[in-house]
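End of the sequence shown sits at 408 in this note's numbering; the numbers just go up one at a time, nothing left out.
Each residue gets a CB set at the ideal place from its N, CA and C atoms; glycine is no exception.
As structure tokens, the structure follows; a few thoughts come after it.
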Amino acid sequence: MSKAEQNYRIAKEQYAALGVDTDRVLRILRETPISLHCWQIDDLTGLEDFDAVLSGGLAATGNAPGKPRSREEYMSNLSRALDLIPGKTKLALHAIYHDGPKLSRCEIGPEHFDGWIAFARERGIGLDYNPTYFNDPMADSGFTLSSADESVRQFWIEHGKRSRLVGERFGRELGQPCITNHWIPDGYKDCTMDKCAPRERLIDSLDQIFAQPIAKEYNIDSVESKLFGIGSEAYVTGSHEFYTNYVMSRQNCIICLDAGHFHPTESVAAKLSSYLVFGQEVMLHVSRPVRWDSDHVPIVDDETRAIMQEIVRGRDGLRRVHIGTDYFDASVDRIAATVTGARATRRALMLALLEPSETLIRAEAEGDLTRRLVLMEESKSMPASLVWDMFCEMEDVPGGDWLERLRG
Ligand code: RNT
Ligand code: ZN
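Below you can see the structure in the form of structure tokens.
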């Protein structure tokens, strides 16, 4: 018996005493997909142009060595990262990572992703997709789907429509639904007079994009809200309230909540149950805002833990909340950053699964709030790391020494 197995036995016994079945935890942990974003590896410049400059108010700050200079380097770095992440993974692509040479956004379609489908098939993973409504001269005005310029708006509507077809192909070919996530940068830097007009145009654009029915088993669309961006500090067309109302009134797409897209004291965890009780599904972008939407690498912090707790405790949350990541930090090794954020996200999920939730819910229902408080607190020092080590061993992925393996 390996050291990890011996340790796991001890942990299993201790958790069992609290009513937690660690074998079940390991099973759920392995089967719950985490959709890893493809863009921490290269600071979101994409594979069309390795010197592309980020726009849309996004910024990957830092100058660590190792940014890929070719498609081959990019693919090799991505594979090295994926090899160090335990559990079921999906890969979330952006349109600018398509297989071909540079294309106009209104040309990118399902036929430009054969290489990625083969890659996903070989690895046994699913794909998610993101239209790229930025890094393009057609977005220079700061507006895309809510632009007052009809030709600009139609251009991006076409990109949105084609993106859903890419998603449908991913879903069809790989046998699991693709989530196509629409995020647009649109907004004004300064005090805005008419806040309704861009939103009315955005409603119309989304209605056009989602007009064609696509089977849910292949493609699910999500719309991602934001509070502000660099250059859109005063007004963002696609705000949280806007998309929440859109989703509820149309029922043709789901909300995407990015942990960095709210006021600094606002919590995504606190929002989840309100979507779940209305029967909604949610796409998540696990990220770490530090003072602003900085897209730091996720760590096992209070907010990430709270998000995972809400998923585990919520009504069928593990099935209805789609966990994805979104961060880009160029100040540390990009492969290690990718791996750290993904492992932290899964470790936070494990900690939530290891909570003695049945006992806690019962205590609460019985009005024993003292027991709820004491047990919640005491369970924090349970031997979760032993369960994690077992998980890594089962998944044939290094444990806490993975950085040595990466550098070795
Ligand atoms: C931007 C959004 C969006 C992007 C990706 C690259 O603020 O978070 O999800 O990060 O599409
Ligand atoms: Zn995001």
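Cutoff 8 Å; reference residue 272; Cβ partners in own chain excluding five residues on either side: Within the sequence shown, the letter at position 272 stands for residue 272. Hits under 8 Å: 257, 282, 307, 310, 311, 314, 317, 321.
Rounded C-alpha distance that separates residue 154 from residue 138: Here residue 154 corresponds to residue number 154 of the sequence shown, with the count starting at 1. Here residue 138 corresponds to residue number 138 of the sequence shown, with the count starting at 1. Rounded to whole angstroms, residue 154 to residue 138 spans 11 Å at the Cα level.
For residue 402 and residue 133, the rounded distance between their alpha carbons: Position 133 of the sequence shown holds residue 133. Position 402 of the sequence shown holds residue 402. Their Cα atoms are separated by approximately 35 Å.
Test item: CB-CB of residue 171 and residue 237 under 7 Å: Taking the first residue of the sequence shown as 1, we reach residue 171 at position 171. Taking the first residue of the sequence shown as 1, we reach residue 237 at position 237. No, the Cβ-Cβ distance between residue 171 and residue 237 is not below 7 Å.
Among 92, 85, 115, 61, nearest to residue 99 - alpha-carbon criterion: Within the sequence shown, numbered from 1, the residue matching residue 99 stands at position 99. Among 92, 85, 115, 61, the Cα nearest to that of residue 99 belongs to 115.
Selection from 363, 407, 350 that minimises the alpha carbon distance to residue 28: In the sequence shown, counting from the first residue as 1, residue 28 sits at position 28. With respect to the C-alpha of residue 28, the residue from 363, 407, 350 having the closest C-alpha is 350.
Beta carbon nearer than 5 Å to a non-hydrogen atom of ligand 3: Ligands in the displayed structure: ligand 1 and ligand 2; ligand 3 is not one of them.
Ligand 1 heavy atom lying under 6 Å from the CB of residue 156: Locating residue 156 in the sequence shown gives position 156, where the first residue counts as 1. No - ligand 1 has no heavy atom lying nearer than 6 Å to the Cβ of residue 156.
Among 158, 37, 146, nearest to residue 345 - alpha-carbon criterion: What you label residue 345 is simply residue 345 of the sequence shown in a count that begins at 1. Minimum Cα distance to residue 345 is reached at 37.
Ligand 1 heavy atom lying under 6 Å from the CB of residue 292: The residue given as residue 292 occupies position 292 in the sequence shown. Residue 292 Cβ: outside cutoff for every heavy atom of ligand 1.
Inter-residue CB distance, residue 174 and residue 123 (contact presumed, cutoff 8 Å): By 1-based counting over the sequence shown, the position of residue 174 is 174. By 1-based counting over the sequence shown, the position of residue 123 is 123. Cβ-Cβ separation between residue 174 and residue 123: approximately 10 Å, too far for a contact (criterion under 8 Å).
Cβ of residue 145 within 7 Å of any chain D Cβ: The question asks about chain D, but that chain is absent: this structure has only one protein chain.
Segments assigned alpha helix (DSSP H), at least 4 residues, entirely inside the stretch 115-190: 150-174
When 382, 325, 161 are compared against residue 14, the one with the closest alpha-carbon: Within the sequence shown, residue 14 is the residue found at index 14, counting from 1. The shortest C-alpha separation from residue 14 is found at 382.
Proximity test, residue 130 beta-carbon vs ligand 1 heavy atom, cut-off 6 Å: Against the sequence shown, residue 130 aligns to sequence position 130. At least one heavy atom of ligand 1 is nearer than 6 Å to the Cβ of residue 130, so yes.
Buried or exposed (CB count within 10 angstroms, at least 16 for buried), residue 392: To locate residue 392, count along the sequence shown from 1; it is residue 392. Residue 392 comes out buried.
DSSP-derived helix/strand/coil call for residue 296: Counted from its first residue, the sequence shown places residue 296 at position 296. Residue 296 falls in the strand class under three-state DSSP.
contact_flag[the stretch 156-164, the stretch 196-215] where n(CB pairs < 8 Å) is 3 or more: yes
Residues sharing a beta bridge with residue 37, DSSP: In the sequence shown, counting from the first residue as 1, residue 37 sits at position 37. According to DSSP, residue 37 bridges with 92.
Check whether residue 324 and residue 284 have beta carbons under 7 Å apart: The residue you call residue 324 lines up with position 324 of the sequence shown. The residue you call residue 284 lines up with position 284 of the sequence shown. For residue 324 and residue 284, yes; Cβs fall inside 7 Å.
Neighbourhood of residue 176 by C-beta, 7 Å cutoff - its chain only, sequence neighbours within 5 removed: Reading the sequence shown from its first residue, position 176 is the one you call residue 176. Closer than 7 Å at the Cβ level, and outside the excluded window around residue 176, lie 126.
Supposed close pair residue 178, residue 129 - CB separation, criterion 8 Å: Translated into positions along the sequence shown, residue 178 becomes position 178. Translated into positions along the sequence shown, residue 129 becomes position 129. The pair is a contact, with the Cβ atoms about 6 Å apart (cut-off 8 Å).
Any non-hydrogen atom of ligand 1 within 6 Å of residue 183 CB: One-based indexing of the sequence shown puts residue 183 at position 183. Residue 183: yes, Cβ under 6 Å from ligand 1.
Enclosing beta strand (DSSP E) for residue 258 [first to last residue]: Residue numbering aside, residue 258 sits at position 258 when the sequence shown is read from its first letter. First-last of the beta strand (DSSP E) with residue 258: 254-258.
Segment limits, alpha helix (DSSP H) that includes residue 53: The residue you call residue 53 lines up with position 53 of the sequence shown. Neither: residue 53 is in no alpha helix (DSSP H) and is coded neither H nor E.
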